[in-house]
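Below you'll find the structure, written out as structure tokens, and then a few comments.
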Amino acid sequence: MKNWSEILLKTIGIPSIMAQNVPNPPPEYYTCPFKKSKLEKFIGHDNQESYFTPTQRHQVAYDILATQAYGSREKAQVGIDRLLQEEVYNAAYAIHEVFHGDLGTWTVRTMWDTGRAFQIAAEMRRYNLEVLGISETHWTQVEQQRITSGDLLLYSGHEEENAPHTQGVALMLSKQAQNALIGWESHGPRIIKASFKTKKEGITMNIIQCYAITNDYNEDAKNQFYNRLQSIIEKCTTKDLNILMGDFNAKVGMDNTGYEDIMERQGLEERTENGERFANLCAFNKLVIGGTIFPNKRIHKTTWTSPDHTTQNQIDHIYINKTFKRTMEEVRTKRGADIASYHHSLVAKMKLKLKKHWTMGRRISQKFNTVFLQDTDKLNKFKIVLSNKFQAFHDLLNGEGTTVKSIWKGIKEAITSTCHEVLGHKKHHHKEWITVGTLDKIQERRNKKAAINTSRTRAEKAKVQAEYTVVNKQVKRSIRTDKRKYVEDLAKMAEKAAREGNMRQLYDTTKKLSGNRRKPERPVKSKEGETSPSEGKHGIQWTSRMQLDDLDFADDLALLSQTQQQMQEKTNNVAAASAAVGLNIHKGKSKVLRYNTACTNPITIDGEDLEDAKTFTYLGSIIDEHRGSDADVKARIGKARSAYLQLKNIWNSKQLSTNTKGPYEVDEEDLKNPEKMNPRQILYWYWARWGCWYRYQPLDHIRYYFGEKIGFYFAWLGLYTAWLLPAALVGIFVFIYGLVTINDYVPVREACERDTVMCPTCDISHGCRYWNLRELCFYLKMSYLFDHPGSVFYAIFMVIWGVTYLEYWKRKNAKLAHRWDVLDYEIEEERPRPQYSAHCTQYAKNPITDVLEPYFPPRARVARIIAGLICVMVMVMLVLVFIVAVIIYRFLIKIPLFQNKLLRSNAEIYATLSAAIVNLILIMCLGKVYETLAYKMTQWEMHRTQSEFDNQLIFKVFLFQFVNFYSSIFYVAFFKGQMVGYPGHYTSFFGLRNEACDNGGCLIELAQQLLVIMVGKQIISNCQEILLPKLRAWFHKYRKGLNKRNVASTSDLSSAHIFIEDYKLIPYEGLFDEYLEMVLQFGFITIFVAAFPLAPFFALLNNWIEIRLDAKKLVCETRRPLAERAQNIGVWFRILEFLVRLAVISNVSKIALFFLKIYEC
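Numbering (our numbering), first residue to last: 973 to 2133.
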């Protein structure tokens, strides 16, 4: 790239050596967008000297500057004079500032992350944008804020209290755009508008930034958004330059049939429903779609790439009114802009420039970036360069003729040149706590983004994309590490200042720690509540009928009287005394407060009644009509809460001692607003009560109070329960169908309607007898109830149900993660577990944070994991031994049942039910024993983070419980009754005859097993969840001595009372048991549902109870857990996917083994 400032110097005639002696501005100040062809026409190529005379060179410079930069020959003369006076930096800066005029829009996914705003501002400066529209800021409230780079950010988001960090739009303005700003308006979390002056008199540039709703929203939401947008556009006059831009989630397509006036055929793909809406909106308002006009490559049209990098769409657009269509020179995406978003920035080049506020004698002060001295490499380089320069200067001092002035000049030049060479000038492009290493990582990520854009093959792109993901994670970790280190350093500085008694430094450091900034400016609103669009209308508009009240005397006066008559006399006296000196009482601001009086006669001033008030604020204190101080106390508590929350970083800092913080640390939950219910009360009244069983779960409140991890659990459980409703209804229908058609089943009619005598199944000498076929009537009816054709349909339906449910949960999980802003959360950010740190004997340096952390050798961990797996296999073998024991029990219990004449007819049912109950007891006992053993083994394996620990524990416990719960059911479903033989030739195994199915078939026994295990386990679990917390709470209070007398003695201290009440609750033990129970239930209703169609119905009833029990346990019976971040339900989702795949195989196998045999018969 040519050095344009040097070319100008050569054009004017200044030697090159003169340019070298002038301080050099930053590189971007030299990239002035001159008309390159015109300049080279007069000067020549490759910086070669031209052959024009000095007069001709001056004329060329005047022409270029007058037509391209300053707008007139006079201002060009000023620019040339400044160049000739060696003010290259200031002149180049002025030229650079004038030539800006481009604007862009960008969907950044989120700005609710550390260091996000400065990265966006850096990309805005890279592409020389005056105005950048931003979508999906995830910031709340409506404010304007000046960021460290000097740019102004106007943003609009949700204004409700405790609003979610979703949606949000903003406009980022450069310094020139700030000078041209007339006013701005907020229109909710999806639309923001700003107006700017332009160089053309009488023409205003109105920019509207939008974040449109997607296609999956309902029609009412879409109509509401488009109607609001239409009303905003209608307020912009057609003579002004109106620009509409943003993420519209709309594809307008290539076909412009019927829309020839507003678009060309340079779009992409087919038009969607949102695209149709926006095309009609543009046609109605005569807005031209900029992205469809200019014939660019496809890669310069696509604005969005799917997360899997396979799909590309054009959903971000810039629209301009048709009158000013020719002022738009180009619209294309800038793929080099990088903020780890799926959207590319869309930039429009404009001819019509913003109005420039000319400032002539301005000198730009330059400061060196001394923050870089914190970097060790930079510091060492600075020392070496400065030492060399001082050495050379020392050699010059040995000569004669040196003066104090020359010595000082030499020292100054040595220091400044070293700072300029090593540190560079401070550009305010980043926050002071961001290190050089982080900036290098950001640049590396930008390079990886460029490599993705230039990749030619899919394999190459996938490889570079994986590298980009790794670098992006490093950037996020590095920024968080820098911020954490910066806060810790400030805390150490404050601690040191507190020890030394340096109150000034302590105050300044505390102010930085608390993040206390000046109150952001908000747009001015009129009396009617409308935002004022112009700065010129903010003041008082004086007319002849107006007068200023209380100009010289503006103090509040309070008059106290016992009767109405006395108050009226005092009021008249004050009014008369005020009128004598030219003052009037403002009747609209004067109020009357009545307390404990029945008199309602009004107080008047000049015949006008004064308004009665219920509350009155005097010198900051609030007094109400009840004379109490409740309102004043509430207001003061609210102010104190706000003040203490500003010091949150100080209370959370581990570097500050308790003495420095103060004797009492205030938690956020200590200062509650008495006027409203606190979050825990809201969750109880609208979620945890049994009367709320029909309500939707307040997921945002759950996430706000308990954290994302618990929020995702209840979101998954709620969706799972909702999806059980259609499965339960279809299952009930299938069961009823079996009841209705049972008498039409041919084997049932033959067995129940005929009196047929059957031969014995063994020799008569062994006790076998002749038996009647009618004895099988009941068993055949029960068998048909689960083996009819509807069961085949239900098995297929439940397989499809399971797959569809998981896909729908993926979508809901992604929506919640986006709404709760946890898409960027990484497990690698977790710190070591306390148990891990306590038991580790070795330490190693973390490669990212460069801090010594506890370390356990992976080789030793692998040996322990193998030992744990061996233990798991031993426990699995123990489960198989117990299954054999249950089979033997079933054999043994049948003998006395068949010998009893009263029980002989139903001996098979009694034996199967009793064996199922015994099996359930063994399952529950083995499960509890193994959970304890698995927890101990996982602790012994020494996993670093809590997530690694949980994943290993889940794997062990689920593997065992899967075998524990399902092995007996698998045995009945697939092995029992196979290869039994026939009378006289029965098959034996190790001398024991293979177990045969019941008279009605094995499917009846399978249904009995499912009924006993599912319903029995649910009853036992629900009883445990109801009774155990109460027993544990009673034992906890008894052991800790938290009786009522102790609480009463401290009831006068509200904060202590709160802590004691919370301490009386039992500790929270996590969601492991809840997840395990629900996942095992999911396996029952998907893998074996064909044998028991009522399983989803029983699961639905259980889950309705389970949600209430879990909610009440969290809200009322356990201490509030620490909030944990999460992106999803973790490894449990992989287990659910495994169960669904197994359900496909299992149901197909059952259809082949049971149902098809029926049809063959």
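Note that CB positions come from ideal geometry on N, CA and C, so glycine has one too.
Of F1296, A1320, T1295, K1273, the smallest CA-CA separation from N1285 is found for K1273. Taking the Cα positions, G2042 is about 13 Å away from S1919. Taking all protein chains in view, the Cβ of N1872 is surrounded by fewer than 16 other Cβ atoms within 10 Å, so the residue is classified as exposed. At the C-beta level, L1253 and Q1181 stay beyond 8 Å of one another. Between N1246 and the set I1185, M1300, M1226, the nearest pair of CA atoms involves I1185.
For F2044, the uninterrupted alpha helix (DSSP H) run begins and ends at 2044 to 2059, by DSSP. Each residue's CA atom was taken as its position, placing E1248 and L1318 some 21 Å apart. Taking a cut-off of 8 Å for Cβ pairs, the segment 1208 to 1222 and the segment 1279 to 1297 touch, as three or more such pairs fall below it. Taking one beta carbon from each stretch, the segment 1696 to 1715 and the segment 1765 to 1772 have 3 or more pairs nearer than 8 Å; the two touch. In the assembly as shown, T1170 is a buried residue. Its beta-carbon has 16 or more other beta-carbons within 10 Å. In the three-state DSSP reduction, M1144 falls in the strand class (E or B). Here the alpha carbons of R1456 and G1076 stand approximately 33 Å from one another. Taking each of H1915, I1674, T1120, I1855 in turn and checking the Cα distance to R1831, the smallest one comes out for H1915. Residues L1696, A1699, A1700, G1703, I2057 of the same chain have their beta carbon placed closer than 6 Å to that of P2068, with the five preceding and five following residues left out of the count. In the three-state reduction of the DSSP assignment, W1084 falls in the coil class. Per DSSP, T1342 is not a residue of any alpha helix (DSSP H), being assigned neither H nor E.
Taking all protein chains shown into account, S1755 has 16 or more neighbouring C-beta atoms within 10 Å of its C-beta and is therefore buried. Between the C-alpha atoms of S1128 and L1145 there is a straight-line separation of about 15 Å.
In the structure shown, P1826 adopts extended strand secondary structure according to DSSP, grouped into three states. DSSP, read as helix, strand or coil, puts H1272 in helix. In the three-state reduction of the DSSP assignment, A1320 falls in the strand class. Taken atom to atom, the span from the alpha-carbon of A1152 to that of C1391 is near 35 Å. Annotation for Y1183: no alpha helix (DSSP H) segment contains it, though the beta strand (DSSP E) segment containing it runs 1176 to 1183. F1937 places its beta carbon less than 8 Å from that of I1985. Closest in C-alpha terms to T1282, from the list D1412, A1431, R1237, T1138, comes A1431. Using a Cβ-Cβ distance cut-off of 8 Å, the segment 1150 to 1164 and the segment 1117 to 1133 are in contact, since at least three pairs of beta carbons, one from each stretch, lie closer than that value. Ranked by how close their Cα comes to the Cα of V1987, the residues Q2053, P1719, V1436 have Q2053 in first place. Assigned with DSSP and collapsed to three states, F1168 falls in strand. When the Cα atoms are used, V1459 and L1485 turn out to be separated by approximately 7 Å. Secondary structure at Y1127: strand, using DSSP grouped into helix, strand and coil. Leaving aside the five residues that flank Q1924 on each side, the residues in its chain whose CB is nearer than 7 Å to its CB run, in chain order, T1910, E1913, H1915. Here the alpha carbons of K1269 and Q1437 stand approximately 22 Å from one another.
Around the C-beta of M1235, 16 or more other C-beta atoms lie within 10 Å, and the residue is accordingly described as buried.
In its chain, beyond the 5 residues on either side, A1386 have a beta carbon closer than 7 Å to the beta carbon of F1362. The shortest C-alpha to C-alpha distance from V1929 to any of G2055, I1991, L2048, R1304 is the one to L2048. With a cut-off of 8 Å on Cβ pairs, the segment 2103 to 2115 is not in contact with the segment 1722 to 1731, counting fewer than three such pairs.
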